[in-house]
Amino acid sequence: MSDRDRSEPPRPGPLDVTEPPRPDPLDVTDVPFTGRTADFYQPGASPARLRDRADPPDTPPDLLLRLLDPPPVKARHIPLLDLLRPAYRALAEWEDDG
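Quick note: the sequence shown uses the UniProt record's numbering, first residue 1, plus one each step.
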């Protein structure tokens, strides 16, 4: 065998079987727009069954600060909880007014 024979790709012989061409996976028929929007939104429950929920119980605005252990962080020698507690309470008052 010469160098030229080794560099050429093999040619199909008379007994080689070739695969039939595969269909293009992106070649699909498009659904009309009205067919797509007919069932776009179907609520899980009937709107007649929906009812207003009761208001959640009032919780103190600084409840999270009370539940967690105070962090050992100070800002200008003031504990972080002492800085955050007034801000939490002011935020709750602002939400009540808004």
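For every residue, glycine included, the Cβ atom is placed at its ideal position computed from N, Cα and C.
Enclosing alpha helix (DSSP H) for residue i [first to last residue]
i: alanine 92; result: 80-97
i: glycine 35; result: 33-37
i: leucine 67; result: 63-67
Paired residues, beta bridge with residue i - DSSP
i: alanine 75; result: Ile78
Pick from the options that is closest to residue i, judged by C-alpha positions
i: valine 73; options: Asp96, Pro43, Leu81; result: Leu81
i: leucine 65; options: Asp52, Arg51, Leu84, Arg53; result: Leu84
Q. Should the stretch 52-59 be called in touch with the stretch 27-36, which here means at least 3 C-beta pairs below 8 Å?
A. no
Q | Stretch pair the stretch 35-51 + the stretch 75-94: three plus CB contacts closer than 8 Å | A | no
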